[in-house]
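Sequence positions in the sequence shown follow mature numbering (1 follows the signal peptide of the UniProt record, and there is no 0) and run -18 to -1, 1 to 314.
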Amino acid sequence: MFRLSTLALLACSVPALAQEINVYSHRQPELIQPLVDAFTAETGIKVNVAFVDKGMAERLVAEGDRSPADLVLTVDIARLMQIVEADVTQPVQSEVLEANIPETLRDPNDHWFGLTARARIVYAAKDRVDPAEITTYEDLASDKWKGRICSRSGLNDYNIALLGAMIVHHGEDYATKWAEGLKANLARKPDGGDRDQVKAIAAGECDIAIGNTYYIGQMLADPEQRAAAEAVTVTFPVFENGGSHLNISGVAMTKSAPNKENALKFMEWLAGDTAQKIYAETNNEYPVKAGVERSAVVASWGEFTADPTPLAEIAKARAAALKIMETVNFDG
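Right, here's the structure in full:
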């Protein structure tokens, strides 16, 4: 696997090789490597992956036309939009991508494409909460949950996206009151990540928490976290006029893309049956391609109705959602 410094040297010292591509990835290397190995085995095209934890858009801007990166792999609609808004991506026209990826999970201007989905749902204590009590996202601000909810920071991208969806559904005034109500129902100040909310429920600190589905799958596979995960039920609230909120991991082609043809092959392959199955089994995410089986753990959570709101519309509400969370001082 190449480090960023190695990829940067490639851009300056040697021409792009015809049978390789370079990927900047925000996703953990262990999640990407099974995909890389399978793609290379099938096509003979080498994939050099550089793990970029922070500052991906800034790096691409700084590298400009000299960037060796062909593709960007990242999580959350906010990060995808940050890269697009930095003007370092290019549109991609592909019948394969259009056929395999639902319209709501890709950019209307063809700059980014969702590859996996995760639902932002509610974890509920098995011994203290009847799953039937979990109905809508709107209901989480009702008094019946007073002192019973745990949450990570309201400024976290996943929560900002959920609030953005609330804005799209109901407007900013309603979303502000909802955020205030949700804050009033917290059992403690926002802290930690989604896994920490599961642990807090298991420890009796709260009864429910907002989180992403795939974290439960990861915790169930970890002997040290399995007991906490087994203490909660995965429930799927919906918007009053919609379904359960989805977010994505996705891909975009850089404007510089020195290996554009092979990069497109990799994008299309990632949206195909083989890669979608690997994604499902490796990280317990939902395949975006219809007909691909979910992992056994994910399938055990049952069916749900996905919210039809296009992620591009939710992304437009990000600034307003961020302002609301700061105005209500959600983390305070």
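Glycine residues also receive a C-beta, built at the ideal position from the N, C-alpha and C atoms.
Close-in-space but distant-in-sequence residues of the same chain around residue i (CB under 6 Å, 5 per side omitted)
i      : result
Q258   : P269, K271 and V274
D182   : The amino acid occupying residue 182 in the given sequence is Ala; Asp does not appear at that position. These residues qualify, in order along the chain: C132 and C188.
G225   : T287, A288 and D289
E222   : T118 and E120
A68    : A39 and V43
L(-9)  : Bear in mind that a pLDDT of 45 at L(-9), under 50, signals an unreliable position, so the number given afterwards is only what the model happens to contain. Hits under 6 Å: P50.
Q207   : M201
N4     : L(-12), N30, P50, A51 and D52
F(-17) : At F(-17) the pLDDT is 36, less than 50, meaning the model places this residue with poor confidence; the figure from the coordinates comes in the next sentence. Excluding positions up to five away in sequence, the list reads N30 and A32.
For residue i, the three-state DSSP class (helix, strand or coil)
i      : result
M(-18) : Residue placement at M(-18) is poorly supported in this model, since its pLDDT is 40, which falls under 50; the coordinates still yield a value, given next. In this structure, M(-18) counts as coil in the three-state DSSP scheme.
L137   : coil
A257   : helix
P216   : Reading off the sequence shown, one finds Val at residue 216, where the question assumed Pro. Residue state, collapsed to three classes: strand.
F312   : coil
A68    : coil
P269   : strand
A39    : helix
T291   : coil
N241   : coil
K305   : helix
T117   : coil
V57    : strand
N194   : strand
R88    : strand
I14    : helix
I83    : coil
Other residues of its chain near residue i: CB distance less than 7 Å, five sequence neighbours each side excluded
i     : result
K28   : Q1, E2 and T22
L145  : A157, A161, A303, I306 and M307
L87   : G96, A99, I230, V270 and L293
Y6    : A32, V34, M38, A51 and V54
K108  : A213, V214 and T215
V150  : T291, E295, I296 and A299
Y196  : R100, N265, N266 and E267
A169  : G129, R130, I131, C132, E187 and C188
D19   : none
V(-5) : Since pLDDT at V(-5) reaches only 40, below the 50 mark, its modelled position is unreliable, and the value read off the structure follows with that caveat. Cβ within range, chain order: n/a, list empty.
Beta-carbon separation (whole angstroms), residue i vs residue j, contact threshold 8 Å
i           : j    : result
N266        : V279 : 5 Å
L234        : L62  : The sequence given here places Ala at residue 234; Leu does not occur at that position. Indeed they touch by this definition, with Cβ atoms about 6 Å apart.
Y105        : I14  : Between I14 and Y105 the Cβ distance is about 27 Å, and since that is not below 8 Å, they are no contact.
H227        : A147 : 5 Å
L42         : T236 : 6 Å
D176        : N194 : 6 Å
A184        : A209 : 7 Å
A262        : S282 : A262 to S282, Cβ: 13 Å. No contact.
A211        : I198 : 5 Å
residue 329 : Q179 : Here the chain comprises residues numbered -18 to 314, so residue 329 is not present and cannot be evaluated.
Unbroken beta strand (DSSP E) run spanning residue i, endpoints
i    : result
R100 : F95 to A107
T236 : L228 to T236
S7   : E2 to S7
V29  : K28 to F33
Same chain, Cβ closer than 8 Å to residue i, neighbours up to 5 away in sequence not counted
i    : result
E24  : W251 and T256
A301 : none
G46  : S238
A253 : V78, L79, N82, I83, F95, L97, V270 and K271
D35  : H8
K159 : A123
I65  : M38, A39, L42, V54, T56, T71, W94 and A234
E85  : P292
P113 : A106, T215 and T217
Residue i: first and last residue of the uninterrupted alpha helix (DSSP H) it sits in
i    : result
V180 : D176 to A184
L164 : E154 to A166
S282 : A278 to S282
A203 : Segment: none, A203 is in no alpha helix (DSSP H) and carries neither H nor E.
A123 : It is not in any alpha helix (DSSP H) - A123 carries neither H nor E in the DSSP assignment.
Cβ of residue i within 8 Å of any chain D Cβ
i   : result
D92 : The chain labelled as chain D is not found in the depicted structure, where only one protein chain is given.
### Query
At a cut of 8 Å, does the segment 290 to 303 reach the segment 207 to 218 through at least three beta carbon pairs?
Touching, no, given that fewer than three Cβ pairs across the two stretches are closer than 8 Å.
### Query
If we count Cβ pairs, one from each stretch, closer than 8 Å, do we get three or more for the segment 125 to 144 versus the segment 50 to 64?
Yes, the segment 125 to 144 is in contact with the segment 50 to 64.
### Query
At a cut of 8 Å, does the segment 157 to 174 reach the segment 305 to 312 through at least three beta carbon pairs?
Contact annotation: the segment 157 to 174 touches the segment 305 to 312, with at least three C-beta pairs closer than 8 Å.
### Query
For the 8 Å Cβ check, are there 3 or more pairs between the segment 86 to 101 and the segment 65 to 76?
These segments touch.
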